[in-house]
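>
Protein chains in written order, with our numbering: chain A, 28 to 445; chain B, 1492 to 1733.
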């Protein structure tokens, strides 16, 4: 097989079949419509959110510039609070660390985290005979259907209620009708015991406040509270770009992220600083009360420092993963996560290049972008994705992996051989 | 007297000959004296945005030699315009001497400076103006095409719900039309139907970019299967100007 076919062939064929998928089109257009309605409402209620986004952009810029100091402060604070903080250079180191904490055969509950996808942790833990359960409803569905998450916030955006009903009927060994509230109740019932049985909870983080060593997790379902609250051990995996100086900055991240993800207010904002503790008996501090006894924060580099050093790509680390660019992207709104690798959409191409997949996975995404700049208009952080796409394409050409078909067609349009 | 070059662009020269004639007609009606180059080649824009920077540099160098003797370079292609005005310098560190104008900017300047010197006859049709990404979001030109359109009597203009900086891409940008045309055309169809929600009685889509014309035209023909014209702003003006 030629390299060109290896890099572009399967990717383009999958897009081809996504284009013929009528249900996907319907599901996406419904999702876009309701996203826009909610967003307009949220923006009307909070008209000053754009100013806040601008302020946050400045904080993010400054945080990346002072990342070494912030990382150190975070580690010091977490340890001061009797938590553990591990600086992982790459995915391998992070996996090794997690495997050193988790024991064979444990039950592990997870809440949604894209960063954790970089570790491929489910597979790693299953090799230790652990039962790993996604608890975010969408992720739960996607995990059990062995499908691929197709949106940052709504991973099961491409799956119909009928398919979910089939799946749950099989799982619970009884007939469950395709009524959405019922389906939700069934998953709640199924997972309840798992939360209680779980030895370890794995979460990501939306922000980490260096000043107090606090992890912030935004959610609506309440699963992250259970994942981070019930098991004995709580492990957080966060990219170093999530660190901001102060708790108030982390709150600003929560505000801006949820507004642009079109929630007026997320149901829960979890703030976690170290393991649970009490000093109620003779003022002697004991760790591990109702919440976890162990708290581990893994701060993951895995390509991020390389990005920070690059004046163009660096901005991609401002991304809050709010998903607002995706709904407004002409390509994503047609084919969903097929426009992407694990990280999706235009911004996903840049994250793919550095964090998960490399240039060979990023190039096909970069060449499927129309460079229209609509994402930049809708991004709270004003990330200049088109500019980064040009740089990715330049890298693809330098590495001799630009699509052959494009070269041929350009020759026929311009009359110039490349 | 300024020397003016009409830089036509590959897409017009190769794929839109009728539209190019309309550009000529409008400029002549407006008494603009201009030249074209018999040896015009690609400006390098596709190489610039495709990542082929070595090729782009070579092509841009040759292009600059050809256009630098003129005072004004005028082009109906916003991609060529952006290459000259922005990308040559930001990506290749090359400078272009002449003033570079998109056709719409140029025409509007003339129309607004001699308001009584021409006559526009009414056009009874309903049109929508589509903001090309290259002209709008990338070059910040939204007003001039609309002002030109507003001068034509009897014209009914449909403004889609997303326009100007929120305008939805035709699907042909970023070389997608050359890389994956099926995807391009589907994006175009979705844009017209779901995003712009074009009305039943729309007669024409007017735009200011040759790639938008080609992509939207294909979608109208192959997917919408409707009798909607897709034309350049000069084409619209050519019909009205006496």
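Built from N, CA and C at the ideal position, the CB exists for glycine as well. Small disclaimer: the values here were computed from a predicted structure and weren't measured.
Between which two residues does the beta strand (DSSP E) holding residue 446 of chain A run?
Here chain A comprises residues numbered 28 to 445, so residue 446 of chain A is not present and cannot be evaluated.
> If we ignore side chains and look at the alpha-carbon of each, how far apart do residue 104 of chain A and residue 313 of chain A end up?
Cα to Cα, the separation comes out at about 18 Å.
> Between A:395, A:425 and A:361, which lies nearest to residue 55 of chain A when the distance is taken from Cα to Cα?
Ranking A:395, A:425 and A:361 by Cα distance to residue 55 of chain A puts A:361 first.
> Provide the residue(s) that pair with residue 295 of chain A in DSSP beta bridges, ordered along the chain.
Per DSSP, A:246.
> Helix, strand or coil for residue 1603 of chain B per DSSP?
The answer is helix: DSSP assigns residue 1603 of chain B an H, G or I state.
> Using a Cβ cut-off of 8 Å (strictly closer), state whether residue 1550 of chain B contacts chain A.
Yes, residue 1550 of chain B lies at the interface with chain A (some Cβ there is under 8 Å from its Cβ).
> Give me whichever residues DSSP pairs with residue 1526 of chain B in a beta bridge.
B:1496, per the DSSP bridge assignment.
> Does any CB atom of chain A fall closer than 8 Å to the CB of residue 1629 of chain B?
Residue 1629 of chain B counts as touching chain A.
> Three or more C-beta pairs under 8 Å: does that hold for the region 267 to 282 of chain A against the region 89 to 97 of chain A?
Flag = yes, the region 267 to 282 of chain A and the region 89 to 97 of chain A touch.
> CB-CB under 7 Å to residue 1614 of chain B, same chain, minus the five flanking residues each way: which ones, in chain order?
So the list reads 1643, 1645, 1646, 1730 and 1731, once near-sequence residues are dropped.
> Does the contact criterion of 3 or more C-beta pairs under 8 Å hold for the region 379 to 399 of chain A versus the region 1652 to 1666 of chain B?
Flag = yes, the region 379 to 399 of chain A and the region 1652 to 1666 of chain B touch.
> Just the C-alpha distance for residue 1624 of chain B and residue 221 of chain A, rounded to the nearest angstrom, thanks.
Distance between the alpha carbons of residue 1624 of chain B and residue 221 of chain A is about 50 Å.
> Per the DSSP calculation, residue 203 of chain A is bridged to which residue(s)?
The partner list for residue 203 of chain A (beta bridge, DSSP) is empty, contrary to what the question assumes.
> Compare the C-beta of residue 1673 of chain B with all C-beta atoms of chain A and state if any pair is closer than 8 Å.
Closer than 8 Å to some Cβ of chain A, the Cβ of residue 1673 of chain B qualifies, so yes.
> With H, G and I counted as helix, E and B as strand and the rest as coil, what does DSSP make of residue 352 of chain A?
It is helical.
> Name, please, each residue of chain B whose Cβ falls closer than 8 Å to the Cβ of residue 65 of chain A.
Within 8 Å Cβ-Cβ: nothing; residue 65 of chain A doesn't reach chain B, min ~17 Å.
> Are any of the Cβ atoms in chain A nearer than 8 Å to that of residue 1662 of chain B?
Closer than 8 Å: yes.
> What is the rounded straight-line gap between the Cα of residue 255 of chain A and the Cα of residue 261 of chain A?
Those two C-alpha atoms are separated by around 6 Å.
> Please state whether DSSP places residue 120 of chain A in a helix, a strand or coil.
Of the three classes helix, strand and coil, the one that applies to residue 120 of chain A here is helix, per DSSP.
> Contact between the region 241 to 252 of chain A and the region 285 to 302 of chain A is defined here as three or more beta-carbon pairs at a separation below 8 Å; is this criterion met?
At 8 Å Cβ cutoff, the stretches touch.
> Over what stretch of residues does the beta strand (DSSP E) that includes residue 1737 of chain B continue unbroken?
Because chain B is modelled from 1492 through 1733, residue 1737 of chain B falls outside the range shown and cannot be assessed.
> Could you tell me whether the Cβ of residue 420 of chain A comes closer than 8 Å to any Cβ of chain B?
Output row for residue 420 of chain A: interface = yes.
> Please name the residue or residues paired with residue 158 of chain A in a DSSP beta bridge.
In DSSP, residue 158 of chain A forms a bridge with A:134.
> Compute the Euclidean distance between the alpha carbons of residue 124 of chain A and residue 319 of chain A, then round it to the nearest angstrom.
Going by the C-alpha atoms only, they are around 18 Å apart.
> Consult DSSP for residue 1631 of chain B and reduce its assignment to one of helix, strand or coil.
Reduced to three states, the DSSP call for residue 1631 of chain B is coil.
> Leaving out the 5 sequence neighbours to the left and right, which residues in its chain are closer than 8 Å to residue 444 of chain A when beta-carbon positions are compared?
438.
> If the cut-off is 9 Å on Cβ atoms, which residues from the region 1637 to 1650 of chain B count as contacting chain A, listed in chain order?
Of all residues in the region 1637 to 1650 of chain B, none has a Cβ within less than 9 Å of some Cβ in chain A.
> Where residue 160 of chain A and residue 198 of chain A are concerned, what is the direct C-alpha to C-alpha distance, given to the nearest angstrom?
Their backbone Cα atoms lie some 13 Å apart in a straight line.
> Note down the Cα distance separating residue 150 of chain A from residue 1661 of chain B, rounded to an integer number of angstroms.
Those two C-alpha atoms are separated by around 41 Å.
> Take the Cβ of residue 75 of chain A as the centre, count every other Cβ of all protein chains shown within 10 Å, and call the residue buried at 16 or more, exposed below.
Flag for residue 75 of chain A reads exposed.
> Could you tell me whether the Cβ of residue 357 of chain A comes closer than 8 Å to any Cβ of chain B?
Yes, residue 357 of chain A counts as interfacial toward chain B.
> Measuring alpha carbon to alpha carbon, tell me which residue in B:1652, B:1560, B:1633 and B:1658 is nearest residue 1596 of chain B.
Answer by Cα proximity: B:1633.
> In chain order, what residues of the same chain lie with their CB nearer than 6 Å to the CB of residue 383 of chain A, ignoring the 5 residues before and after it?
Taken in chain order, the residues that qualify are 145 and 369.
> Just curious, the beta strand (DSSP E) that residue 1720 of chain B is in, first and last residue?
From DSSP, the beta strand (DSSP E) with residue 1720 of chain B extends over 1720 to 1723.
> Identify every residue that forms a DSSP beta bridge with residue 367 of chain A.
A:371.
> Is the region 427 to 434 of chain A touching the region 28 to 44 of chain A in the sense that three or more CB pairs, one from each, lie closer than 8 Å?
Segments in contact, yes.
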